[in-house]
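**Q** Quick one: this structure, given as structure tokens, is what I'll be asking you about.
Protein chains: 2
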Amino acid sequence: MKHKYIYLNVAQKLANQIRNGVLKKGDRLPSIRGLCDEYDISMNTAKRVYIELESESLVISVPQSGYFVSSANYSDYPLPKASNPMLLADSDVPKDIINKVYSNIGSKNLTLFSINALYGEFLPTNQMKKEIGLAIKTLNNGGVDYESVQGSVNLRRMIASRSSTWGGNLTEEDIVTTNGSINAISLCLLALGRPGDTVAIESPCYPGIFQLAIDLGFKVLELPTDPVTGVKIDALREVLNEIDICLLISNYNTPLGSCMPTEHKKIVVELLAQHNIPLIEDDVYGDLNFNGKRPTCCKAFDTTGNVLWCSSISKTIAPGYRVGWVSAGKYQDKIIELKLIHSISSPPLLQEAVASFIKSGKYEKHLRELRRKLFANYQKILDIIINEFPQNTKVTRPEGGLSLWIEFDEKVNTIKLYDLCIKEGISIAPGRMFTVQKQFQNCIRISIGLPWSNDVEDKLKRIGVLSKKAF
Amino acid sequence: MKHKYIYLNVAQKLANQIRNGVLKKGDRLPSIRGLCDEYDISMNTAKRVYIELESESLVISVPQSGYFVSSANYSDYPLPKASNPMLLADSDVPKDIINKVYSNIGSKNLTLFSINALYGEFLPTNQMKKEIGLAIKTLNNGGVDYESVQGSVNLRRMIASRSSTWGGNLTEEDIVTTNGSINAISLCLLALGRPGDTVAIESPCYPGIFQLAIDLGFKVLELPTDPVTGVKIDALREVLNEIDICLLISNYNTPLGSCMPTEHKKIVVELLAQHNIPLIEDDVYGDLNFNGKRPTCCKAFDTTGNVLWCSSISKTIAPGYRVGWVSAGKYQDKIIELKLIHSISSPPLLQEAVASFIKSGKYEKHLRELRRKLFANYQKILDIIINEFPQNTKVTRPEGGLSLWIEFDEKVNTIKLYDLCIKEGISIAPGRMFTVQKQFQNCIRISIGLPWSNDVEDKLKRIGVLSKKAF
């Protein structure tokens, strides 16, 4: 992506060199004057390049010495291995752990590494307060009336217009709003299948997804998943005759953080269409790319109406608003019917506030800042995990999203680690939460959505220390 | 109920005489001075008595002549007969009609007699705008964060404190908030049963309920229902061995408007508890009593945790907020787990605004006014149906709620009537919508939630005229 501002273009070149490992941690960077000569830019522009890179935590300025690469790219550091779940296994949903961890939502006394949400300065709280104030005035009757079942037309228009950012070409008519993304997925499952059907999911997988599927009477089949490229296409190919629905978090999924390459997306969409297996695509993290490129969606390659693209603003604007949506292709009428049956309609006030925030251009501005801040946060968290956690710890290196997946030594029991952590006011998400099989007992998911602070730093380090006692 | 104000006590006495038929339409009432003597009250108080009765449309003042009873009590006018559905019937959900009627929600070009909601001046729109503005400020982070799964503690506290109005004794811990009442019912059905189970419902029944049940794989069994006293207890007794769940709208249900007498509620609760059949009680209309007495709930007689009491503010404050709740007795943990699975949590902002509205005392004040206004509206609508609709039309006389159930001559086909009406900008709800059996083809439901206007009056009269052509 080419930026309008010269300083951003230069900053991106340097950032890429750091991320690719061309420039390594501790490397000295050109002086301001050196940068002017090298890129033929002014002193002011050169200064802004380093301010930008510092804000992304990629560069530190050492007084009297100059600029240095602050963050290693850690490309040599080991990644967790791709998962290898059993093809046929009785589902054993770890309800106790899931309920225990989610009961921490909203707690004021815990440092919530366990909840995959943004907190504090990462959320545009004050801006949204203004948008709500505005929406009360502009909305017919201040939003007390029932809204049409399909949802706010202003919001649907904005979602449609933004679909070009991921290669889509939607219109407002293609979208139905929902109470968050999980509600969209719930409607999709109800629309597509019936009890006894089998849903293929990633492994590890966001527990909300398999709990929902199993609760509705579906069987789930966990697919081998790579921490970088997502679901293994060959594995999917092998089970095509055994599954009725496929459900994937295509971009920066949780907990792995993997992002399906565009080529994989194309293949998966074609494969599933050929076999008449609908694909539910959950894209809630798609806007949270750390680098300049917003990834594509499977929906962009959907020529048959077979992909049901679900998303929300819970991971970018306001989890508490419960504003999500689905573009359900050929299943749209059924989705509208089900939305009516299960909840009649959605609150217009919150949708209107979100629509206006997007329309004003403030959402894109917020996203640009959020991506930078999140990436800086991620770097700091990664630094501590790599440098201070026990030596044979492995960790993912996602290019966006909110999750880090940490694999401890095989002997570590992260359910015990959860108990040790909670005593110190720290909430983590044990790996066992993310599967219906007996696996990932030595893994945890860490959210990067808590803004950096001394408390976050201290508590994060404590997880590493406590992991040595969790056997 | 004894009022604090003398004029309200006197007004109520006169109102009761009018409603009981002691005073009949056209009867002359005492003069102001006559009233002073009769009740030993001041001139000012006597004047306020008549202002009150006029505001309820029970009395009209004829200049130079005095005060007269304006509304007949119509006790001789025939009621629709109690329903008599088949015990075992294949469910035939009239999807096309239901979808057609509900697609009118939010339409600006139609007069919506079909939607059971309050409109315009009946809703406390301006007050709620202020409450939202306040909630943005008082709520932590203006409501952008995830809320605890159980829901706003302030709202739960208010619901619990108001439970004394219907004989309940709930605490905030007994309540889980939901996205409207239908979402509460959806969670209850998911918690209580599994596909194949049978749910007993009223007949006719709110279509949202049987659609939901059937969509989740349940069978529904329609019970004979009386337009005054609700579900027939003897009929329920006969099917106790065939049903797994019972679901009733106990107070001013829709479409019939029936209200179960307290004694019936007690019997039903005991009967179902003995047979270990959970009762889902939908009480969304309970606060909309036209007279002084708010009816009890089945939940008030629940000693075993077997009653799941569901309600919302959709019929009193703001349908568009989607704020509802359930007090689920012994099933509460399961409900919390399911809420997490299906929607994570609810929007805190809207719940907080409602909680504050109730806490300030403005809700009770609003209810008092709303009850009066609704009753006046009901009287006007009833007058037209009785005096201007074809002669052998029957109509319910509910003591609260939002619905009138009209039974036309047997030859009238109300699906055809719907089509005739819609061409003239009128939306009605055909009787077939409210059953999964072949019945009620000559019935319609009319909502009284549209404030009186020339348009409402004209369109209502047109329904009567058009019914003569709908064969």
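As given, the protein sequences belong to chains A and B, one line each in that order. Per the UniProt record's numbering, residue 1 is the first one in the first sequence, and the count goes up by one each step. Per the UniProt record's numbering, residue 1 is the first one in the second sequence, and the count goes up by one each step. Note that beta-carbon positions come from the ideal geometry of N, C-alpha and C, so glycine has one too. Quantities reported herein were computed from a predicted structural model and do not represent experimental measurements.
1. Beta-carbon separation of A/Leu-466 and A/Leu-420 under 8 Å?
2. Check distances from the C-beta atoms of the region 167-186 of chain B to those of chain A and list, in chain order, the residues that come in under 7 Å.
3. Would you please verify whether the beta carbon of B/Gly-208 is less than 8 Å from any beta carbon of chain A?
4. Beta-carbon within less than 6 Å of B/Gly-257's beta-carbon, same chain only, minus the 5 sequence neighbours each way: which residues are those?
5. So, at 7 Å on beta carbons, what are the nonlocal neighbours of B/Leu-367 in its own chain, with the 5 sequence-adjacent residues on each side left out?
6. Assuming B/Thr-414 and B/Gly-425 make a contact with CB atoms under 8 Å, what is their CB distance in whole Å?
7. At what residues does the alpha helix (DSSP H) containing B/Thr-414 begin and finish?
8. If you draw a straight line from the alpha carbon of B/Glu-270 to that of B/Thr-229, how long is it in whole angstroms?
9. Would you decide whether B/Met-43 is buried or exposed? Buried here means 16 or more other CB atoms lie within 10 Å of its CB.
10. Secondary structure at A/Ser-453, three-state DSSP: helix, strand or coil?
11. Excluding the 5 residues flanking A/Lys-272 on each side, which residues of the same chain have their C-beta closer than 6 Å to its C-beta?
12. Rank A/Lys-47, A/Pro-295 and A/Ser-346 by C-alpha distance to the C-alpha of A/Tyr-252 and give the top, closest one.
13. Nearest-angstrom Cα distance between A/Leu-248 and A/Asp-302?
14. Counting only beta-carbon atoms, is B/Lys-411 nearer than 8 Å to chain A?
15. Just to confirm the assignment, what range does the alpha helix (DSSP H) spanning B/Thr-138 have?
16. Give the range of the alpha helix (DSSP H) segment to which A/Lys-95 is assigned.
17. Should B/Asn-392 go down as buried or exposed, given a rule of 16 or more other Cβ atoms within 10 Å for buried?
18. B/Thr-198 and B/Val-456 look like a contact to me (Cβ under 8 Å); what is the Cβ gap, rounded to whole Å?
19. Nearest chain B C-beta to A/His-342 closer than 8 Å, yes or no?
20. When the Cβ atoms of the region 350-364 of chain A are set against those of the region 180-187 of chain B, are three or more pairs found closer than 8 Å?
21. Less than 8 Å between CB atoms is the rule here; does A/Leu-155 satisfy it with respect to chain B?
22. Using Cβ-Cβ distances below 8 Å, what residues of the UniProt domain "HTH gntR-type" (4-72) of chain B are close to chain A?
23. Can you tell me which of the three DSSP states B/Leu-319 falls into?
24. Determine the burial state of A/Phe-471: buried for a count of at least 16 other Cβ atoms within 10 Å of its Cβ, exposed for fewer.
25. Thinking just about the alpha-carbon of each residue, which of B/Glu-56, B/Val-268 and B/Cys-36 is nearest to the one in B/Asn-276?
26. How big is the Cα-Cα spacing for A/Glu-131 and A/Leu-340?
27. If distances are taken between C-alpha atoms only, which option among B/Asn-20, B/Leu-87 and B/Asn-169 comes closest to B/Ser-75?
28. What are the boundary residues of the beta strand (DSSP E) that includes A/Ile-41?
29. Following the continuous alpha helix (DSSP H) through A/Gly-208, name the residue where it begins and the one where it ends.
30. Pull up the DSSP beta-bridge partners for B/Thr-178, would you.
31. For chain B, find out if any of its Cβ atoms is closer than 8 Å to the Cβ of A/Arg-322; answer yes or no.
32. Label A/Asn-183 either buried or exposed according to how many other C-beta atoms from any shown protein chain fall within 10 Å of its C-beta, with 16 as the threshold for buried.
33. How would you label B/Lys-394, buried or exposed, when you count the other beta carbons within 10 angstroms and need 16 or more for buried?
34. Decide if A/Asn-289 is buried, meaning its Cβ has at least 16 other Cβ atoms within 10 Å, or exposed.
35. Looking at B/Glu-173 and residue 474 of chain B, is the spacing between their C-beta atoms short of 8 Å?
36. Looking at chain A, is there any beta carbon in it that lies within less than 8 Å of the beta carbon of B/Glu-369?
**A** To lay it out plainly:
1. Residue 466 of chain A sits at position 466 when you count from the first residue of the first sequence. Residue 420 of chain A sits at position 420 when you count from the first residue of the first sequence. The answer is yes: Cβ separation under 8 Å.
2. Asn-179, Gly-180, Ile-182, Asn-183 and Ser-186
3. Along the second sequence, read from residue 1 onward, the residue named residue 208 of chain B stands at position 208. Chain A contact via Cβ: present.
4. Counted from its first residue, the second sequence places residue 257 of chain B at position 257. Thr-396, Pro-398, Gly-401 and Ser-403, listed in sequence order.
5. Within the second sequence, numbered from 1, the residue matching residue 367 of chain B stands at position 367. The beta carbon of B/Leu-367 sits closer than 7 Å to those of Asp-287 and Thr-316, all from its chain and outside the five residues before and after it, given in chain order.
6. Sequence index remark: in the second sequence, residue 414 of chain B carries index 414 (1-based). Sequence index remark: in the second sequence, residue 425 of chain B carries index 425 (1-based). So it is not a contact: roughly 17 Å between Cβ atoms.
7. Here the question's residue 414 of chain B lines up with position 414 in the second sequence. Where B/Thr-414 is concerned, the enclosing alpha helix (DSSP H) starts and stops at 414-423.
8. The residue labelled residue 270 of chain B in the question sits at position 270 within the second sequence. The residue labelled residue 229 of chain B in the question sits at position 229 within the second sequence. Linking B/Glu-270 to B/Thr-229 through their CA atoms gives a straight-line distance of about 18 Å.
9. Translated into positions along the second sequence, residue 43 of chain B becomes position 43. With fewer than 16 other Cβ atoms within 10 Å, it is exposed.
10. As a working mapping, residue 453 of chain A is identified with position 453 in the first sequence. If DSSP states are grouped into helix, strand and coil, A/Ser-453 belongs with coil.
11. Along the first sequence, one-based indexing puts residue 272 of chain A at 272. Note that residue 272 of chain A corresponds to Leu in the displayed sequence, not to Lys. Excluding positions up to five away in sequence, the list reads Cys-246 and Leu-279.
12. Taking the first residue of the first sequence as position 1, residue 252 of chain A is located at position 252. A/Tyr-252 has its Cα closest to that of A/Pro-295, out of A/Lys-47, A/Pro-295 and A/Ser-346.
13. Locating residue 248 of chain A in the first sequence gives position 248, where the first residue counts as 1. Locating residue 302 of chain A in the first sequence gives position 302, where the first residue counts as 1. Roughly 15 Å between the two C-alpha positions.
14. As a position in the second sequence, residue 411 of chain B is number 411, starting the count at 1. B/Lys-411 does not count as touching chain A.
15. If you number the second sequence from 1, residue 138 of chain B lands on position 138. That run of the alpha helix (DSSP H) goes 125-138.
16. Within the first sequence, residue 95 of chain A is the residue found at index 95, counting from 1. Per DSSP, A/Lys-95 belongs to the alpha helix (DSSP H) from 95-102.
17. Mapped onto the second sequence, residue 392 of chain B falls at position 392. Its Cβ having fewer than 16 others within 10 Å, B/Asn-392 is exposed.
18. Locating residue 198 of chain B in the second sequence gives position 198, counting from the first residue. Locating residue 456 of chain B in the second sequence gives position 456, counting from the first residue. Contact doesn't hold; Cβ gap of about 40 Å is too wide.
19. One-based indexing of the first sequence puts residue 342 of chain A at position 342. With 8 Å as the cut-off, A/His-342 counts as an interface residue toward chain B.
20. As far as the Cβ criterion goes, the region 350-364 of chain A does not touch the region 180-187 of chain B, which means the pair count is below three.
21. Here residue 155 of chain A corresponds to residue number 155 of the first sequence, with the count starting at 1. Judged by the 8 Å Cβ criterion, A/Leu-155 is not in contact with chain B.
22. none
23. Reading the second sequence from its first residue, position 319 is the one you call residue 319 of chain B. Here the sequence assigns Pro to residue 319 of chain B, which means Leu is not the residue at that position. DSSP places B/Pro-319 in helix when its eight states are reduced to three.
24. For this step, residue 471 of chain A is matched to residue 471 along the first sequence. Exposed.
25. Mapped onto the second sequence, residue 276 of chain B falls at position 276. Closest by alpha carbon: B/Val-268.
26. The count along the first sequence starts at 1 and reaches residue 131 of chain A at position 131. The count along the first sequence starts at 1 and reaches residue 340 of chain A at position 340. Their Cα atoms are separated by approximately 27 Å.
27. Taking the first residue of the second sequence as 1, we reach residue 75 of chain B at position 75. Nearest option by C-alpha distance: B/Asn-20.
28. On the first sequence, residue 41 of chain A is found 41 positions in, with the first residue counted as 1. No beta strand (DSSP E) contains A/Ile-41, which DSSP labels as neither H nor E.
29. Counted from its first residue, the first sequence places residue 208 of chain A at position 208. 207-215 is the span of the alpha helix (DSSP H), which, as asked, contains A/Gly-208.
30. Residue 178 of chain B sits at position 178 when you count from the first residue of the second sequence. The partner list for B/Thr-178 (beta bridge, DSSP) reads B/Gly-324.
31. Residue mapping note: residue 322 of chain A aligns to position 322 of the first sequence, counting from 1. At least one chain B Cβ lies under 8 Å of A/Arg-322.
32. As a first step, residue 183 of chain A must be located in the first sequence, where it is residue number 183. The residue in question, A/Asn-183, is buried, as its Cβ has 16 or more Cβ neighbours within 10 Å.
33. Taking the first residue of the second sequence as 1, we reach residue 394 of chain B at position 394. With 16 or more Cβ atoms within 10 Å of its Cβ, B/Lys-394 is classed as buried.
34. Residue numbering aside, residue 289 of chain A sits at position 289 when the first sequence is read from its first letter. A/Asn-289 should be labelled buried.
35. This structure cannot speak to residue 474 of chain B, because chain B is shown only from 1 to 471.
36. As a first step, residue 369 of chain B is located in the second sequence; it is residue number 369 there, counting from the start. Chain A contact via Cβ: absent.
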